[in-house]
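Asks: Here the protein sequences come in this chain order: A and B.
Mapping of the first sequence onto our numbering: position 3 corresponds to residue 3, and the numbering continues sequentially without gaps.
Mapping of the second sequence onto our numbering: position 46 corresponds to residue 46, and the numbering continues sequentially without gaps.
Here a beta-carbon is modelled for each residue, glycine too, at the ideal position from N, C-alpha and C.
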Amino acid sequence: MSDAALHAPTASTEATHGHPTATGISNEKLAMWVFLASDCLLFGGLISTYLLLRHRSVEGLGPADVFDIPFTSVSSFVLLMSSLTMALAVAAIARGDLHRNRVWLGTTAFLGAVFIGGQVYEFTSFYREGLGYTTNVFSSAFYTLTGFHGFHVSVGIVMLMVLLIMSLRGNLGPEKAEAVEIVGLYWHFVDIVWIIIFTIVYLIP
Amino acid sequence: MTAPSAVSEAPSSQQEAPTEHKHPTEGDYVKIAIILAVITALEVGTYFWEDIFGSHPSTTALVVSLFPMMIAKFAIVIGYFMHLKYDNPLFKRIFVFGLVLAIVVFTVVFFAFEFFDDRFFRFLTRG
């Protein structure tokens, strides 16, 4: 990118903040992308640890003994579709349709909650089958990886609920569309992390 | 040395004009979601490989079939839902930097912890 392009204020920046930034792009949005880039390293560490440890269990249950692929496929599909509703929420507020924005934000939070509910059910059933957090290295790596992702989804649900409450109180108009877009970036990121986890952890034995 | 003229300091009209990109419409988002759903269905279909083809799939076959689908889904969500395809290139550079750094660092970790030993390659080829 040329310097001119980097320093030229964009329409979206001025529309949402009313003033240009040094880079010509929104600082908040830039911060979210930097955070997501750093989160790649965090999840990379957890996925690598899982791959290194999952076949080194010396006792107890392993992946093939506990995974319920059809059930996890449904919850993966739910999370994937929540990315669609999030994109629709961002599109709705960008064109000033506050009612649809609320509907899609609420739907996204609901689908996220369904995913978390599925994860809680999965963890509970694994535990009842005898796979505790410290049963073996596979279980520790598995629960840490998927639990860390579940925590990210839960934080996303909280952010969505905050946006929904702000909208219901009349504090989230089109001038704050970028706030919805930034939460949307976070939400889509947790979705792409699950895309990787679903393939590497669940589908490849 | 002469002072820079006002004309030379002023950004050109081309620089001032915001770059217009065609963002996806709501209909586009639905189409993208359908494509993602189809890819997910194909991914889940590999779980029923033995029922379809009558033999247990090798790990190589699963990796070769699942990884392209995973990467395709990843790229579609990043590019279209996260607008990385349309947004400022700086965002793409930052994210790709983090992603590539993670891949390089943890590939080194895999080698350091002997993930790619002879046993791994035998397992990969035999399934």
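1) Below 7 angstroms on C-beta distance, what does Lys73(B) contact in chain A?
2) Output yes if chain B places a C-beta closer than 7 angstroms to the C-beta of Trp104(A); else output no.
3) Do you know whose CA, among Thr135(A), Ile47(A), Ile200(A) and Tyr186(A), lies nearest Ala37(A)'s CA?
4) With a threshold of 7 angstroms between beta carbons, is Asp191(A) in contact with chain B?
5) So, using beta-carbon positions, are Tyr50(A) and Leu145(A) closer together than 7 angstroms?
6) Can you tell which of Leu131(A), Val90(A), Met81(A) and Thr23(A) has the C-alpha that lies nearest to the C-alpha of Phe207(A)?
7) Taking a cut of 7 angstroms between CB atoms, which residues from the stretch 27 to 43 of chain A lie near chain B?
8) With respect to the alpha helix (DSSP H) encompassing Ala102(B), which residues constitute its N-terminal and C-terminal limits?
9) Quick one: which chain B residues come within Cβ less than 9 angstroms of Ile25(A)?
10) Examine chain B for any beta-carbon lying closer than 7 angstroms to the beta-carbon of Ile116(A), and answer yes or no.
11) If you compare alpha carbons, which of Phe77(A), Gly173(A) and His99(A) is closest to Ala33(B)?
12) Under 8 angstroms Cβ to Cβ from Glu129(A), same chain only, skipping five residues before and after it: list those, please.
13) Of the choices Thr21(A), Pro20(A), Ile25(A) and Lys29(A), whose alpha-carbon is the least far from that of Gly184(A)?
14) Report yes if the C-beta distance between Asp191(A) and Val96(B) is below 7 angstroms; otherwise report no.
15) Taking 7 angstroms as the CB-CB limit, is Ala102(B) close to chain A?
16) From the beta carbon of Ile94(B), is the nearest beta carbon of chain A less than 7 angstroms away?
17) Taking the C-alpha atoms as reference points, what is the distance between His188(A) and Phe148(A)?
18) Give the secondary structure of Ile204(A) by DSSP, where H, G and I count as helix, E and B as strand, and everything else as coil.
19) State yes or no: is the beta carbon of Phe48(B) nearer than 7 angstroms to at least one beta carbon in chain A?
20) Check each candidate in Trp104(A), His99(A), Gly96(A) and Lys176(A) and name the one with the smallest Cα separation from Thr85(A).
21) Is the beta carbon of Leu168(A) sitting closer than 7 angstroms to the one on Thr108(A)?
22) Within this structure, are the beta carbons of Ser139(A) and Val109(B) separated by less than 7 angstroms?
23) Just to confirm the assignment, what range does the alpha helix (DSSP H) spanning Ile78(B) have?
Replies: Here's the rundown:
1) For the purposes of this step, residue 73(B) is taken as the residue at position 73 of the second sequence. In chain order: Ile195.
2) Numbered from its first residue, the first sequence carries residue 104(A) at position 104. By this cut-off, Trp104(A) is not an interface position.
3) Locating residue 37(A) in the first sequence gives position 37, counting from the first residue. Closest option to Ala37(A), Cα to Cα, is Tyr186(A).
4) Locating residue 191(A) in the first sequence gives position 191, where the first residue counts as 1. For Asp191(A), the answer is yes, since a Cβ of chain B falls inside 7 angstroms of its Cβ.
5) Here residue 50(A) refers to the residue found at position 50 of the first sequence. Here residue 145(A) refers to the residue found at position 145 of the first sequence. Contact flag set, yes.
6) Residue 207(A) falls outside the range modelled here, since chain A spans only 1 to 205, and no answer is possible.
7) Trp33, Val34, Leu36, Ala37, Ser38, Cys40 and Leu41
8) As a working note, residue 102(B) is residue 102 in the second sequence. First-last of the alpha helix (DSSP H) with Ala102(B): Pro89 to Ala112.
9) As a first step, residue 25(A) is located in the first sequence; it is residue number 25 there, counting from the start. Neighbours of Ile25(A) on chain B, chain order: Asp87, Asn88, Leu90 and Phe91.
10) Numbered from its first residue, the first sequence carries residue 116(A) at position 116. Not an interface residue.
11) Locating residue 33(B) in the second sequence gives position 33, counting from the first residue. Minimum Cα distance to Ala33(B) is reached at Phe77(A).
12) Along the first sequence, one-based indexing puts residue 129(A) at 129. Same-chain partners within the cutoff: Leu61, Asp65 and Val66.
13) The sequence position of residue 184(A) within the first sequence is 184, counting from 1. Lys29(A) is the residue among Thr21(A), Pro20(A), Ile25(A) and Lys29(A) whose C-alpha sits nearest the C-alpha of Gly184(A).
14) By one-based count along the first sequence, residue 191(A) stands at place 191. By one-based count along the second sequence, residue 96(B) stands at place 96. The Cβ-Cβ distance between Asp191(A) and Val96(B) does not fall below 7 angstroms.
15) Your numbering for residue 102(B) matches position 102 in the second sequence. At least one chain A Cβ lies under 7 angstroms of Ala102(B).
16) Taking the second sequence and counting its residues from 1, one reaches residue 94(B) at position 94. Chain A, which has a Cβ nearer than 7 angstroms to the Cβ of Ile94(B), makes this yes.
17) Taking the first residue of the first sequence as position 1, residue 188(A) is located at position 188. Taking the first residue of the first sequence as position 1, residue 148(A) is located at position 148. Cα to Cα, the separation comes out at about 16 angstroms.
18) The residue labelled residue 204(A) in the question sits at position 204 within the first sequence. Ile204(A) falls in the coil class under three-state DSSP.
19) Position 48 of the second sequence holds residue 48(B). Not one chain A Cβ lies under 7 angstroms of Phe48(B).
20) Indexing the first sequence from 1 puts residue 85(A) at position 85. The option with the nearest alpha carbon to Thr85(A) is Trp104(A).
21) As a working mapping, residue 168(A) is identified with position 168 in the first sequence. As a working mapping, residue 108(A) is identified with position 108 in the first sequence. No; because the gap between Cβ atoms is not below 7 angstroms, this pair is not in contact.
22) Locating residue 139(A) in the first sequence gives position 139, where the first residue counts as 1. Locating residue 109(B) in the second sequence gives position 109, where the first residue counts as 1. Taking 7 angstroms as the Cβ cut-off, Ser139(A) and Val109(B) do not qualify as a contacting pair.
23) Residue mapping note: residue 78(B) aligns to position 78 of the second sequence, counting from 1. Looking at the DSSP string, Ile78(B) is not in any alpha helix (DSSP H), and its letter there is neither H nor E.
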